[in-house]
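Report on one structure; see the data block that follows.
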Amino acid sequence: MTHSKAPRGFSLVELLAVMTVMALLTGLVVPSIGALAGGRRLDGAISLGANVFSSARQNSISKGVLTAVVVLTDTAKVANAGYRTIVVLELAPRADGSAATTQDWKQISKWEVLPTGVIVDNSTSGGSLKSEFLRSKASGPTDPPMLPDLVYKGSTFAPDTGYSYQVFTPQGRMICYQDPSSANPPPISLQFSEGAYSGNIPVYTQAKNSGVFVFNDATGEFKIRRP
10 MTHSKAPRGF SLVELLAVMT VMALLTGLVV PSIGALAGGR RLDGAISLGA
60 NVFSSARQNS ISKGVLTAVV VLTDTAKVAN AGYRTIVVLE LAPRADGSAA
110 TTQDWKQISK WEVLPTGVIV DNSTSGGSLK SEFLRSKASG PTDPPMLPDL
160 VYKGSTFAPD TGYSYQVFTP QGRMICYQDP SSANPPPISL QFSEGAYSGN
210 IPVYTQAKNS GVFVFNDATG EFKIRRP
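To get the numbering used here, take the position in the sequence shown, counting from 1, and add 9.
The following block contains the structure:
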């Protein structure tokens with residue numbers, strides 16, 4: 010009688026070799042999936058920003074008003090709010106023709122928050138601010154009146170110290186708040202990057218993955234640059 014041999018199982022060495030290959034493949038695939046997800050979040054943030062800026066500019070043109078886009082910059086008051094939260098305000102002319110004041114600014118949009126893992130970049134490179142949008146208004150024009158304190162999730166944010174903003178005019182252009190002493194001021198820009206904040210310092214998850222809004226202050230239009 011002929012007996013067939015029982016099938017031979019894998020040896021320990023063979024199993025270890027397979028596990029090593031699987032670990033190597035996992036190490037290659039997981040970062041790629043993470044980068045893909047991060048890229049989608051950044052794309053979503055850029056789409057959100059484009060919609061906010063386009064809508065704000067169109068609001069000014071269609072209604073003949075001033076429209077401000079605000080970015081919260083205080084990272085201490087509300088968790089994950091600083092450099093991630095955006096809102097739009099409007100300043101309409103007074104019916105009696107008198108001069109408008111700070112209290113005439115009205116919020117006209119809901120609070121928008123960038124996707125988790127995406128921030129407005131406040132860092133500098135070679136002494137140049139990545140988001141010129143964030144510069145202080147202290148040296149800028151006094152007209153229109155300063156925006157009011159804003160309340161978000163029970164916390165108060167003051168202009169300049171708690172948030173930054175730029176304003177669209179009824180002609181659609183942007184009021185330039187760049188340093189008037191500069192002979193060649195850089196264009197207004199706003200950079201979105203993948204990362205989070207540790208205090209007031211950005212920590213990047215994908216340093217090279219970003220999107221930059223570059224504005225023409227004379228027209229209020231913008232272009233989006235990707236590295």
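Just so you know, even glycine gets a beta-carbon here, dropped at the ideal spot from N, CA and C.
Beta-carbon contacts of residue i that lie in its chain and below 8 Å, excluding the five residues immediately before and after
i	result
Asn68	Val74, Thr76, Val97, Glu99, Ile117 and Phe177
Chain C contact for residue i (CB, 9 Å cutoff)
i	result
Ala167	Among the chains in the structure shown there is no chain C, since it carries only a single protein chain.
Same chain only: Cβ atoms within 7 Å of residue i, ignoring 5 sequence neighbours per side
i	result
Pro236	Lys217 and Ser219
Lys232	Val223
Ser56	none
Nearest-angstrom Cα separation, counted from residue j out to residue i
i	j	result
Pro195	Ser134	14 Å
Pro103	Asp113	Just to set this straight, residue 103 is Arg in the shown sequence, not Pro. The straight-line gap from Cα to Cα measures roughly 8 Å.
Glu141	Gly229	15 Å
Pro211	Asn89	12 Å
Lys115	Asp52	29 Å
Gly108	Ala101	Residue 108 is actually Ala in this sequence, not Gly. Cα to Cα, Ala108 sits roughly 10 Å from Ala101.
Lys119	Tyr174	16 Å
Ser20	Ala26	10 Å
Arg66	Pro179	8 Å
Val221	Ala59	11 Å
Arg234	Thr29	41 Å
Asp105	Ser71	21 Å
Arg50	Ser63	20 Å
Gly136	Met31	46 Å
Asn193	Ser202	26 Å
Residues of its chain near residue i, where Cβ-Cβ distance is below 6 Å and the 5 sequence neighbours each way are ignored
i	result
Ile42	Model confidence at Ile42 stands at a pLDDT of 49, short of 50, so the residue's coordinates are unreliable and nothing is read from them.
Asn209	Thr84
Ser164	Lys86 and Val87
Gly204	Ile128, Pro211, Val212, Tyr213 and Thr214
Leu81	Ala90, Gly91, Thr94, Phe166 and Tyr172
Ile184	Val176
Option nearest residue i by Cα separation, candidates the options
i	options	result
Ala85	Asn131, Tyr206 and Ala26	Tyr206
Phe224	Lys72, Arg182 and Ile55	Arg182
Val79	Val221, Thr170 and Tyr213	Thr170
Thr111	Pro153, Lys72, Asp105 and Val129	Pro153
Pro157	Pro168, Ile70 and Ser71	Pro168
Thr94	Val221, Ile70, Thr125 and Met28	Thr125
Arg144	Asn193, Gly106, Asp105 and Ser198	Ser198
CB contact flag (residue i, residue j, <9 Å)
i	j	result
Glu121	Val61	yes
Val127	Ala54	yes
Leu138	Asn131	yes
Gln200	Gly48	no
Met155	Lys146	yes
Run of the beta strand (DSSP E) containing residue i, from where it starts to where it stops
i	result
Tyr92	First-last for Tyr92: undefined, no H or E at that position.
Thr76	Leu75 to Leu81
Asn218	Ile210 to Phe224
Thr165	Ser164 to Phe166
Gly200	The sequence shown places Gln at residue 200, not Gly. Its beta strand (DSSP E) spans residues Ser198 to Ser207.
Phe177	Tyr172 to Phe177
Arg234	Phe231 to Arg234
Ile117	First-last for Ile117: undefined, no H or E at that position.
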